[in-house]
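In our numbering, the protein residues as written are 1 to 158.
Note that the Cβ used here is the ideal one computed from N, Cα and C, for glycine as well.
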Amino acid sequence: MNAGTVLGVLESRGQTLATCESLTAGALAARIADIPGASAVLRGGLVTYSADLKTSLARVDADVIAHYGVVSAECARAMAAGARIVCESDWAVSLTGVAGPGAADGHASGDVYVAVAGPKMGNGESAFYQWPDVSRAQVRGNAVDAAIQLLYEKITLH
Numbered sequence: 001m002n003a004g005t006v007l008g009v010l011e012s013r014g015q016t017l018a019t020c021e022s023l024t025a026g027a028l029a030a031r032i033a034d035i036p037g038a039s040a041v042l043r044g045g046l047v048t049y050s051a052d053l054k055t056s057l058a059r060v061d062a063d064v065i066a067h068y069g070v071v072s073a074e075c076a077r078a079m080a081a082g083a084r085i086v087c088e089s090d091w092a093v094s095l096t097g098v099a100g101p102g103a104a105d106g107h108a109s110g111d112v113y114v115a116v117a118g119p120k121m122g123n124g125e126s127a128f129y130q131w132p133d134v135s136r137a138q139v140r141g142n143a144v145d146a147a148i149q150l151l152y153e154k155i156t157l158h
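Here it is in structure tokens:
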């Protein structure tokens, strides 16, 4: 799946998209923005690399971070929901995880959560991915690819 296909589906529906990224630090938004005509769909993106920015920019409740951690399905869903509100978009996709090298926050390098929030999705939906024993760049690239795939799956279901 590629970002162009996702943009095509959203544009045909007149819907918009936002991103909220931690470990990928804007790589997903950049991939989407590389496509000519992306401005018809992409509202914007938040880079919330630190926990405090997850709460202040993406409106993630501090209790979610305190209870589940920043690398969790709950945090990923809250990031997507927050980005959807802040950016006033129909859809939002978020990524949080550990790019490595080494473990962080009790998670191994390569552990990634991706979440999507959209119409009729309640609190959003998330997926967990693991890419052990690959480079930091590979984890980040794989995460962007996974986010595009998950987003496509959700927008075609809802």
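Within 8 Å, strictly: CB atoms of residue i and residue j
i, j, result
"L10", "E21", "no"
"V60", "K54", "yes"
"G100", "K154", "no"
"A83", "V70", "no"
"V134", "G110", "yes"
"I35", "L57", "no"
DSSP-derived helix/strand/coil call for residue i
i, result
"T96", "strand"
"G126", "The amino acid at residue 126 is misidentified as Gly; the sequence shows Ser. Of the three classes helix, strand and coil, the one that applies to S126 here is strand, per DSSP."
"D61", "coil"
"H67", "helix"
Same chain only: Cβ atoms within 7 Å of residue i, ignoring 5 sequence neighbours per side
i, result
"Q138", "W131"
"R136", "A99, G100, P101"
"A18", "R43, G44, G45, A83, R84, C87, S89, A92"
8 Å CB neighbourhood of residue i in its chain, flanking five on each side removed
i, result
"K120", "H158"
Cβ-based burial, residue i [other Cβ within 10 Å; buried from 16]
i, result
"M79", "buried"
"T156", "exposed"
"D90", "buried"
Assess, as a yes-or-no matter, whether the segment 32-42 is touched by the segment 59-76 under the definition of 3 or more beta carbon pairs within less than 8 Å. no
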